[in-house]
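Protein chains in written order, with our numbering: chain D, 24 to 136; chain Z, 15 to 129.
Using N, Cα and C, we set each Cβ at its ideal position, and we do this for glycine too.
Since the structure comes first, as C-alpha cells, the remarks are kept for the end.
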Amino acid sequence: KQEVTQIPAALSVPEGENLVLNCSFTDSAIYNLQWFRQDPGKGLTSLLLIQSSQREQTSGRLNASLDKSSGRSTLYIAASQPGDSATYLCAVPSGGGADGLTFGKGTHLIIQP
Amino acid sequence: SAVISQKPSRDICQRGTSLTIQCQVDSQVTMMFWYRQQPGQSLTLIATANQGSEATYESGFVIDKFPISRPNLTFSTLTVSNMSPEDSSIYLCSVEDPALGYGYTFGSGTRLTVV
C-alpha cells in the first residue's frame with residue numbers, strides 16, 4: 024500500500040526566503056506525482072505535475088523535482104511571499120490505472136511579512 | 015483543464031439528517047472520485063464512481079453511509095447519511111484530467127459541520 028510522507032509538517036519563514044518542501048513515497052512504481060496547494064477550508068489547486076519520465080517541472084517561482092528510484096520529491100519555492108501561505112500537499116497515484124490519489128499530510132507554510 | 019462545480023460550498027446540518035453533495039464536470043469523464051478531509055488531516059479516498067456501475071468503496075467506507083450516484087459522464091452525487099458530528103469534514107470530488115497530463119483536478123469542496 025502506497026504511503027506518502029511530507030516533511031516538515033509546518034514551516035514559518037520571513038518573506039523573501041527560498042524554501043524546500045519534502046515528500047517521500049514508499050512505492051516507486053508511480054507514473055506521476057502532483058503537488059497541490061490548499062487554502063484554509065478550501066479545495067485543492069494543482070501546482071505542478073511531474074511525469075515519471077521527467078526529473079523536474081517549473082512554474083514561475085515553483086520548481087518540483089522527482090527521484091523515483093529513491094522515492095522522493097521536493098518542491099522549491101523561490102523568493103517566498105505572504106500570498107504563498109497555505110498548506111502544500113504531495114500526492115501520488117494509489118495504484119494501477121486511475122485509482123485516485125494517496126496524499127501526504129501536507130506542509131503548513133506561513134510566510135511572515 | 016477540466017472545471018468542476020461542486021455544491022453546496024458549505025452547510026451546517028443537524029445530526030441524524032442527510033446531505034447530498036453534487037459535482038458537475040464541464041467535460042465527459044469515465045471516473046469521478048470522492049474524498050473526505052477531516053479537520054487537521056489530509057485527504058482520504060471514499061469511493062470511485064464509474065458511470066453505469068456501482069461505486070467502488072475504500073476500506074472503512076460503506077454504501078449505506080455514503081451512497082453515490084453517477085447518472086451520466088459529467089455528474090455525480092455523494093450523500094452523507096444519518097450524520098453525526100464525526101462526519102464534520104470537507105468533502106471533495108475529483109477527476110483525472112487529460113488536459114493536465116492525466117493529473118487530477120478537484121472541486122472547490124463542501125465544508126460540512128454537523129451539530
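Item, Value
"Among the candidates Z:L33, Z:C27, Z:R50 and Z:Q36, whose CA atom is the shortest distance from the CA of G123 of chain D?", "Z:R50"
"Taking buried to mean at least 16 other C-beta atoms within 10 Å of its own C-beta, is Y54 of chain D buried or exposed?", "exposed"
"In chain Z, what lies closer than 7 Å to F126 of chain D by C-beta?", "S56 and L57"
"Does L126 of chain Z have its Cβ less than 8 Å from a Cβ in chain D?", "no"
"Any contact between the stretch 91-102 of chain Z and the stretch 35-43 of chain Z? By contact I mean 3 or more CB pairs, one from each, below 8 Å.", "yes"
"Would you report the Cα separation of S15 of chain Z and N64 of chain Z, rounded to the nearest angstrom?", "20 Å"
"Checking contacts by CB at 8 Å: is F80 of chain Z closer than that to chain D?", "no"
"Locate the beta strand (DSSP E) running through D111 of chain Z, then write down its first and last residues.", "S103 to D111"
"Which residues of chain Z have a Cβ atom closer than 8 Å to the Cβ of S117 of chain D, listed in chain order?", "L59"
"For I104 of chain Z and chain D, any beta-carbon pair shorter than 8 Å?", "yes"
"Could you compute how far the alpha carbon of T88 of chain Z sits from the alpha carbon of E40 of chain D?", "43 Å"
"Grouping DSSP H, G and I as helix and E and B as strand, with all else coil, what is E100 of chain Z?", "helix"
"Would you say the stretch 38-49 of chain Z touches the stretch 70-88 of chain Z, given that touching needs at least three Cβ pairs under 8 Å?", "yes"
"Is it true that the CB of Y99 of chain D sits closer than 8 Å to the CB of L132 of chain D?", "no"
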